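Be aware that the sequence shown starts at 2, since it is given in the numbering used here, and climbs by one per residue.
Virtual Cβ for every residue (Gly too), placed ideally from N, Cα, C.
Computed from a predicted structure; not experimentally measured.
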Amino acid sequence: MAGASLLTLLDDIATLLDDVSVLTKVAAKKTAGVIGDDLALNAQQVAGVKANRELPVVWGVFKGSLVNKLILVPAALLISWLVPVLVVPLMMVGGAYLCYEGFEKVVEKLFHRHEKPDPEARAQAVLASGETPRELEKKKIRGAVRTDFILSAEIIVLSLAVVADEPLLTRTVSLSVIALGVTLLIYGLVAAIVKMDDVGLWLDKREGALAPLGRGLVYVAPWLMKTLGVVGTIAMFLVGGGIFVHNIDALHHVLEVLEGRGVPAFVADTGISLVVGIVVGALVAGAVTLVNRVRGKPAVAAH
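In structure tokens form, the structure reads like this:
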């Protein structure tokens, strides 16, 4: 009997792990836009830190992100357990905010170009503030952790929608794995990206085939940052718009009509999700601007 019970337990564990694996893959696709934006944003926030302090800053934000997840995952599980009807509305709110962030990024890029800050002027401003370098570093970390909380909330809400119908244990393990995995992925990549140019410079000083590789890394690093920003923005529209397309019957019907007329499913889904994402982003941005004007406040970008 003991042997049979052990086999049953092992089979249950294997089934749970299999379910978690499948759900994690689905959630990763749903949250791709937020992950891309989170990665690009955190890599940008570390920019400007002295080379020998880049990894400590990334480590500080990573620890803050883990604390954020420790708050958000139990909160999401409580919502899915006590008021599961709120899962879809929360997911759509998260999708709307994703679209808004993406639209604000596009508007900022196209219509509000800023001149590059003068390093000397920035140094003078830092000296005038009276803050020590370590205080400024802590301030940067706190700001990055606050931003991470918003993006983490979006990731958890979008992931919750994937696992909402699963048993509580599967839901708990899946959300925990997703939260930890996303945090490790994002800040591991951030650490690699911010040190890419340093690694490139180090390799450039080596002899043989490593020197050209080092120069290549130094050249690629800034372009990688720009590419991450663009891809992340597009993915935000796709993921945010996709939430509305797959949860509003009228929009989902349009998708089915396109597929019925011979449009490949991937093309139809991507196209309508992108269009809906841009429209939703524009509507939310317009509403925010209107409210700010009524209240006499300037419009504030998502980041």
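Would you check if there are 3 or more beta carbon pairs closer than 8 Å linking the region 201-218 to the region 65-85?
They do not touch, by the three-pair rule.
Cβ separation of Tyr-220 and Val-62, assumed to be a contact under 8 Å, to the nearest whole Å
The pair is not a contact, with the Cβ atoms about 27 Å apart (cut-off 8 Å).
Short check: CB of Val-277 to CB of Phe-245, under 7 Å?
Yes, Cβ-Cβ distance for Val-277 and Phe-245 is below 7 Å.
Tell me which residues share the same chain as Leu-225 and place their Cβ nearer than 8 Å to its Cβ, disregarding the 5 neighbours each side in the sequence.
Within the same chain, Cβ atoms closer than 8 Å to the Cβ of Leu-225 are found at Ile-194 and Met-197, the five residues on either side in sequence being excluded.
Nearest to Leu-83 by CA position, among Leu-99, Ala-165 and Phe-112, is which residue?
Of the residues Leu-99, Ala-165 and Phe-112, the one whose Cα lies closest to the Cα of Leu-83 is Ala-165.
Going by CA-CA distance only, name the one from Leu-259, Gly-242 and Asp-270 that's closest to Gly-282.
Among Leu-259, Gly-242 and Asp-270, the Cα nearest to that of Gly-282 is on Gly-242.
For Ser-81 versus Leu-161, is the C-beta spacing smaller than 7 Å?
Going by C-beta atoms, Ser-81 is nearer than 7 Å to Leu-161.
List the endpoints of the continuous alpha helix (DSSP H) containing Lys-206.
First-last for Lys-206: undefined, no H or E at that position.
Distance, Cα to Cα, Arg-172 vs Phe-267?
Arg-172 and Phe-267 have their C-alpha atoms spaced approximately 28 Å apart.
Hey, quick one: how far does the alpha helix (DSSP H) through Ile-194 stretch, first residue to last?
Its alpha helix (DSSP H) spans residues 169-195.
Length of the line joining the Cα atoms of Glu-102 and Met-92
Cα-Cα distance, rounded: 15 Å.
According to the Cβ coordinates, are Leu-256 and Ile-273 closer than 7 Å?
In contact: Leu-256 and Ile-273 (Cβ atoms closer than 7 Å).
C-beta contact flag for Val-191 and Val-59 at 7 Å:
Note that the C-beta distance between Val-191 and Val-59 is below 7 Å.
Nearest by alpha-carbon distance to Met-237: which of Ala-76, Pro-57 and Lys-106 is it?
Among Ala-76, Pro-57 and Lys-106, the Cα nearest to that of Met-237 is on Lys-106.
Please report the distance separating the alpha-carbon of Leu-275 from that of Leu-176.
Those two C-alpha atoms are separated by around 27 Å.
Name the two residues that bound the continuous alpha helix (DSSP H) containing Gly-282.
266-295 is the span of the alpha helix (DSSP H), which, as asked, contains Gly-282.
Under the assumption that Val-285 contacts Ala-97 (Cβ atoms under 8 Å), give the Cβ distance between them as a whole number of angstroms.
Sure, about 5 Å apart at Cβ, within 8 Å.
Below 8 Å on the Cβ atoms is my guess for Leu-211 versus Leu-204; work out the distance and round it to an integer in Å.
Confirmed, Cβ separation roughly 5 Å.
For Pro-85, tell me which candidate among Leu-71, Thr-290 and Val-163 has the shortest Cα-Cα distance.
By alpha-carbon distance to Pro-85, the top candidate from Leu-71, Thr-290 and Val-163 is Val-163.
Length of the line joining the Cα atoms of Glu-208 and Ala-222
Distance between the alpha carbons of Glu-208 and Ala-222: 21 Å.
Closest by C-alpha distance to Ile-72, when choosing among Val-295, Leu-111, Phe-150 and Leu-137
Taking Ile-72 as reference, the option from Val-295, Leu-111, Phe-150 and Leu-137 with the minimal CA-CA separation is Phe-150.
Alpha carbon of Leu-87 to alpha carbon of Arg-262, nearest angstrom
Cα-Cα distance, rounded: 35 Å.
Can you say whether Pro-120 is buried or exposed, counting buried as having 16 or more other CB atoms within 10 angstroms of its CB?
Interpretation of Pro-120 is limited by its pLDDT of 48, a score under 50 that renders its predicted location unreliable; no figure is taken from the coordinates.
Member of Val-158, Asp-199, Val-289 and Thr-228 whose CA lies at the smallest distance from the CA of Leu-56:
Among Val-158, Asp-199, Val-289 and Thr-228, the Cα nearest to that of Leu-56 belongs to Asp-199.
Element boundaries [alpha helix (DSSP H), containing Asn-69]
It spans 55-83 - the alpha helix (DSSP H) in which Asn-69 sits, taken as one unbroken run.
Pick from Ala-145, Lys-110, Glu-109 and Leu-78: whose alpha carbon is nearest that of Ala-180?
Per the Cα distances, Leu-78.
Looking at the unbroken alpha helix (DSSP H) that takes in Leu-111, where does it start and where does it end?
Residues 88-112.
Classification of Ile-142 by the beta-carbon crowding that lies within 10 angstroms, buried from 16 upward
Classification of Ile-142: buried, given that the 10 Å Cβ count is 16 or more.
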